[in-house]
Structures are given as structure tokens and as C-alpha cells.
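Structure record follows, encoded as C-alpha cells.
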Amino acid sequence: MPSRADGAPSPEKSFVLESNAGPARQSRVTAARRKPWPAEATLAIAVALLMAALSLLRPNFLNLANLVNVFRQISINGILAVGVTSVLLTGGVDLSLGSVVALSGVVAASFAHPAQHAVFVPVALGILAGAACGALNGIVVTRGRVAPFIATLGMMTAARGLALLLSGGRPVSNLSPSFTRIGAGDVASVPFPVVIFGAVGLITWVMLTRMQLGRYIYAVGGNENAARASGLHVRSVKMAAYTLCGAMAGLAGVVLASRITTGQPNAGVGYELDAIAAVVIGGTRLSGGAGGVGGAMLGALLIGVINNGLDLLNVSSYYQQIVKGLIIVGAVWLDRSKQK
Amino acid sequence: MKRIAIGLAAMLLACCSGTRPAASRTDAGPVIGVSLLNLSNEFIVMLSRSMEKRAHELGVRLVVNDAERGAEKQVQQVESFIAQRVSAIILNPCEVEASSPAVEKALAAGIPVINVNSETRAAPTAFIGSRDEDAGRIAMEYIAHRLHGNGNIVMMHGFMGQAAQIKRDQGAREVLARNHGLHLLAAQTAEWDRAKGMSLMENWMQSYGDRINAVFAQNDEMAMGALIAIEQAGRKGKIVVVGVDAIADALEAVREGRLDATVYQDASGQGTAAVDAATQIVRHGLYEKQVLIPFQLVTHDNVGQYLQAH
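From first to last, the protein sequence lines are chains A and B. At position 29 of the first sequence (counting the first as 1) the number is 28 in numbering that gives the first Met the number 0, and the numbers step up by one without a gap. At position 176 of the second sequence (counting the first as 1) the number is 175 in numbering that gives the first Met the number 0, and the numbers step up by one without a gap.
What follows is the structure, given as C-alpha cells:
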């Protein structure tokens, strides 16, 4: 860890330290008072400006069909970003997301052949496979006290191997129409993946801001020792965060398999980094304790708008990569410099 | 806790070491070391299976290693083949430049090297493969034929800078240069990936609307992604979609009349020829320097024979 990231004074942390391990709720109230202009608002304005600029350059950017398009394309990264937000808030990280997406996609697809099972069976098994990976990550991190980076790096490799093993290295295809409808269908012309993304985001937002578990997650990430001293069962909180994250990666895997109508053992390479980028752009600290799910969703939207916009403008893929890199770093830099 | 972990690790090691040397024991027939690009790729899996099958028929032993896309790992695998004194090495190179040391080291140690499917800068003993330019040319000629020489085309690249991407692009552009009625609207990478191909096609249809007449995707995964996007947009039948590789999914789609065409790269032909060449070199010292397995266009008319091969 570079000393800069750790050393940067975070308002919550310093408060908790000053008040000698006060309850977590108090620290968040103070944080809110000190930060009158939420990071989400800045990001929302940035996204709006970007969209305005794109619609000037390409008038068909702002038509309804393309907006639906953008939201459909961000839904998988969005679900992953929402899931990993909780883990990042505890000060952890999950590098296994992409591999878990592939594994759960393969698991779901294996049970989704026509006339095999009702559609909820592959969906449930896919989510379960993801949750199991997440729970295992949680056990290794909390019981084995292995650094999250290492624990989830191991899962990243192992889950990919398992996906390849289960599928024999070949895509699992010939899926039932009821399963592929998850990725292709819509409700009142809103695509299913977008509905799922929205629902997952809303539930997680409620969990993080209105429920006890959410407060505990912030407390553990803000100052783990203080949280433990005030009687919090840190292990269970972390277990919950990793398991939820895994379950959402499983859900993302199901949606992806349905969208591309196969379970691909090679799918999802690098998805974890896009998801973490979205969360961090949205104002969540990698050191934990500060941020939220709204920012993560906006971060995913920002990345999606950039991808779509650069494709519409037919920008060469070399430039696309450079632009994306600059925007990720630039967004976080801006956010941090404001908080100094 | 700690003791359990150590015990587990020891068991794992015992399992691994139990299987490995058995393959390299030279009690019967020559041993051929095989280092493959990446066994999580369907095409390479087919290549590997055909090699195992042919080796079994010829009574030679294969030691198959997966380099997992890493040229450095591939060089290490070849080094251990040299240490094991295998009779020949079949190399499915990861990269043109970075895998070259593997070829040079094996040849310096007096072990013949057969490159299969892709090339290295260092010249091997023999090369078995197909010319990727042909795949691009065959696909684009089919599109030109379908559009009667007039129309707008979009092209999906593989990973930029890989030999297959560069050569399939070259072949396609040769045909475009000859047909002045064909116009390349846009070209972009979807990194050989189905989900990325689907998103890219969605974005292109937004951008160019009805102007797109055909899509050339440099592999079938991206072609399948483009196809799904086109079907969901209700434009099926208005856009010609062509891929390369003839993977099982794509063949099925061609049979159903959804995908217009794919170009068959003969994995089992390449695998079989590679083992044949290696065995001939070892047993007779006779061999051909280069064996080219031709690409073949697969359309609805002839898809039956390829489906059987799977």
C-alpha cells in the first residue's frame, strides 16, 4: 500500500480516533456534516456534461433507443460494482469477480438446456455458486486472516479453473428460450438486466443506509479496531459482505450467460477491475469506511457512457484505452483533491 | 489448522507428482512434448484432442502442457522438455517474438521443433498450420459476393496486435481494395469476446442505423455476439454476418440459417498433421518443411459435413 493512500486523513477515521472508539453511527453523522457537497452530485454533473457533449457530436446518442442500449450494456458491470461496494467499504477487495461471473454462468447454463428445469433452477444455482465463492473468500479472509487481495486472487484463479473443468473448456450452449429471455426481454421497454441492476442497487442502498448491517460495514471499514472494541462481531460483518458480493457476481454471471446465450468459461476476464473502477470513481475509498452504492452506480454509468460514446464516434481502440485510463484516474484525483 | 493446511498441500503435491513423471517415462515409443497456447480456448482444446487421438493411433506418447497464453511460461515448459530429453517438441506458439527463444533452445539441444497453428520468428524444423490471411480473404469475398460488390461493411478485430488479428485484417483489406463498391464503415476491436462483440454491434447499429449491410467478425465468438444483437434489434435478414473458426455454436447457427457463414479452420487436421510430422521426423528423419491445411468456407449448403466432424 502506498503511504499516500493510507496517510490521507479521512474525516471518519480521524473522528473515530479522536473520540476514542465511539459508536460508528456518530462518526457517519459527523462525516455527513463535514461534506456538504456529496461526491455523487459532482459525478452526476460530470456524467450529464459528458452526455451533452456526446449528443452534440453525435445527435443519435441521446435518442431513447441508445439510452436503453447504454443502460443494458452497463447492467452487468453495474451489478458487480454494487456487489463489490460493500467489500470495498470494509476495507477489503474482491479480485475474483470476473472468474466467479464465468463460473456461475457455466453452472447456470449447464442447467438451462431446453425442457430440463424450470427457469428459476439455473438462476438460483448460478447465484448460489457465486455466493459459495464469496463465502469461501470470506472464510479465508476472516478465519485464515489472509489479506483480501491474496485470498480473492486465489479464488480468481481457482474459480476460472473450475469453470473450465465443468465446461470442458468449451462454451455451454443450447439454452432454453425462457432462460435467454432474462438477458433479452424487457418490462415496459426497460430491459430485464437494467431492472435487475436497478433492483440490486436499490436493495443494497437500503441495506447500507437504513439497516444495521450497513452501519456495521461502514464501521468495520472506518476503523476495524474501534469497531471490534465497541463490541462488533467484525468477522460476521465481513463474511456477510463477501458472501453478498459473491452472490451478486453470481447473478451477474447468470445475466451475462443469458445475454450472450451461452455459459462461457472464458467470460468476464478483467470484469473485477471495471467494477472496482466504477466504485472508486463513485467516491468509495479503497481503504474502506467511506463511499456508497449510489456513486458506484453512477461510476458504472460513466464508464458505460464513455464506452458507448467512443464506439459511436468510431474512436480507434488504442485511443479508447488511453481515454478510459485517463478518466478513471482523473475522476478519483478530482474527488480526492476536493476532500483535502 | 496450520497442520491441516500443510497436510492438504502435501497431498496435493503427491497427487501432482504422481501423474506427471508417468507420462515422461520412456519405456515404450518416443515421447513428444507439447506446449499449447491456451487450453481454455475451444479451438486449442480441439487441437489438443486430435493430437492425443493421433498419438494413440501411432503409438507415441505425448506430454501436453498448457502455457496459459504466457510466452515466458512456454519457454520454461520447453526448457523442461529439453531436460527430460523428449524426442520432439510440438509448439503452439503464444507469440511471434517472445516464443522464439523456446524454438532456438530446443534446436540448439538437438531436439526437432514442429510449430503448429501460428508462427515464431525463429524458424522451426517444420510448420503445420493455415494462413490467416486466407481466412480474412475467404470471408470478405463471400461478403462481396452476397452484396453483389456494393455495400457498407463493419469489421470486428480480435486482440489488436496478435498474429491472427493482423493477418485476418490484411486478407480482408486485400479484397476491399479490389472491390471499390465495398465501403468499410467502421472497424473496432471486440477482443475475440462474445459479450464485447454484442455491445459493439449494438453501438454500431445505433450509430449507423440501416446503413450497415454486412459484418465481418474475425472470430465466431464475436460473430455470434453481433448476430444476437442484430436479432434482438429485429434486423435479421438485412445484415450479412460472417465469422471465422467454425466453432460448434457457429456451425449450429449456420445450420439454422441464422449465421450466414463461417470459415472452417481445421483444428483436427492441424493436430493430426503435427503429430504425424513429429513422428516421421523421429522415426524416419523424413519430413516436409511446411504443411498448410486450407481454410474452408462453411455456409448453409455444406454445413452438414462440418457438424458431423464435431
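Heads up, the beta-carbon is just placed ideally off N, CA and C, and yes, glycines get one too. Fair warning: this is a prediction, and the values are worked out from it, not measured in the lab.
In the structure shown, residue 303/A falls within a helical segment according to DSSP collapsed to helix, strand and coil. Taking the C-beta atoms as reference points, residue 255/A is found no nearer than 8 angstroms to residue 232/B.
Relative to residue 136/A, the option among 100/A, 287/A, 238/A whose CA is nearest is 238/A. Taking CB atoms only, residue 115/A has no neighbour in chain B less than 8 angstroms away. It is roughly 42 angstroms from the alpha-carbon of residue 118/B to the alpha-carbon of residue 121/A. About 6 angstroms separates the beta carbon of residue 79/A from that of residue 270/A, a gap short enough to meet the 8 angstroms contact definition. Under a criterion of Cβ atoms nearer than 7 angstroms, no residue of chain A is adjacent to residue 76/B; the nearest Cβ is some 18 angstroms distant.
Boundaries of the alpha helix (DSSP H) around residue 206/B: 193-207.
In this structure the region 28-45 of chain B does not touch the region 250-257 of chain B; the number of beta carbon pairs closer than 8 angstroms is below three.
In this model, residue 182/A and residue 128/A are separated by some 19 angstroms (Cα to Cα).
Beta-bridge analysis with DSSP links residue 80/B to no other residue. The residues 216, 219, 220, 237, 240, 287, in chain order, have a CB closer than 6 angstroms to that of residue 89/A in the same chain once the five nearest residues on each side in sequence are set aside.
Every alpha helix (DSSP H) stretch that sits fully inside the region 125-178 of chain A and reaches 4 residues is listed by chain position as 147-166. Counting C-beta pairs closer than 8 angstroms gives fewer than three between the region 156-176 of chain B and the region 295-310 of chain A, which falls short of the contact rule. Each residue's CA atom was taken as its position, placing residue 85/B and residue 330/A some 55 angstroms apart. DSSP places residue 125/B in the strand class (E or B) of the three-state scheme. With a cutoff of 8 angstroms on beta-carbon distance, residue 189/B and residue 221/B are scored as near each other. Scanning its chain for C-beta atoms nearer than 6 angstroms, with the 5 sequence neighbours on each side dropped, one finds around residue 162/A the residues 101, 102, 105, 264, in chain order. Taking the Cβ atoms as the reference, residue 125/B lies roughly 5 angstroms from residue 113/B, within the contact range of under 8 angstroms.
Shown in chain order are the members of the region 168-186 of chain A whose Cβ falls below 8 angstroms from a Cβ of chain B: 168, 169, 170, 172, 173, 183. Within the region 256-279 of chain A, contact with chain B at the beta-carbon level (separation under 9 angstroms) is assigned to 258, 259, 260, 261, 263, 264, 265, 266, 267, 268. Residues of the same chain with a CB within less than 7 angstroms of the CB of residue 104/B, apart from the 5 flanking positions on each side, are 77, 78, 81 in chain order. If you draw a 10 Å sphere on the C-beta of residue 173/A, you find fewer than 16 other C-beta atoms in it, and that means exposed.
Going by beta carbons, residue 265/B and residue 241/B fall outside the 8 angstroms limit. Under a criterion of Cβ atoms nearer than 8 angstroms, no residue of chain A is adjacent to residue 71/B; the nearest Cβ is some 17 angstroms distant.
Taking a C-beta distance under 8 angstroms as the contact criterion, residue 70/B and residue 98/B qualify as a contact pair. For residue 61/A, the nearest beta carbon of chain B is not closer than 8 angstroms to its own beta carbon. Approximately 6 angstroms separates the beta-carbon atoms of residue 118/A and residue 178/A; this is inside 8 angstroms, confirming the contact.
The criterion of a C-beta distance shorter than 8 angstroms is not satisfied by residue 39/B and residue 63/B. Only residues of its own chain outside the window of five on either side were considered, and among them none has a CB closer than 8 angstroms to the CB of residue 66/A. In the structure shown, the three-state DSSP call for residue 92/A is coil. Between the region 131-148 of chain B and the region 197-209 of chain B there are fewer than three inter-stretch CB-CB distances shorter than 8 angstroms, so the stretches are not counted as touching.
Taking every protein chain shown into account, the CB of residue 187/A has fewer than 16 other CB atoms within 10 angstroms, so this residue is exposed. Scanning chain A for C-beta atoms nearer than 7 angstroms to the C-beta of residue 188/B yields 316, reported in chain order. Listed by position along chain B, the residues whose Cβ is nearer than 7 angstroms to that of residue 65/A are 205. Relative to residue 243/B, the option among 301/B, 227/B, 218/B whose CA is nearest is 218/B.
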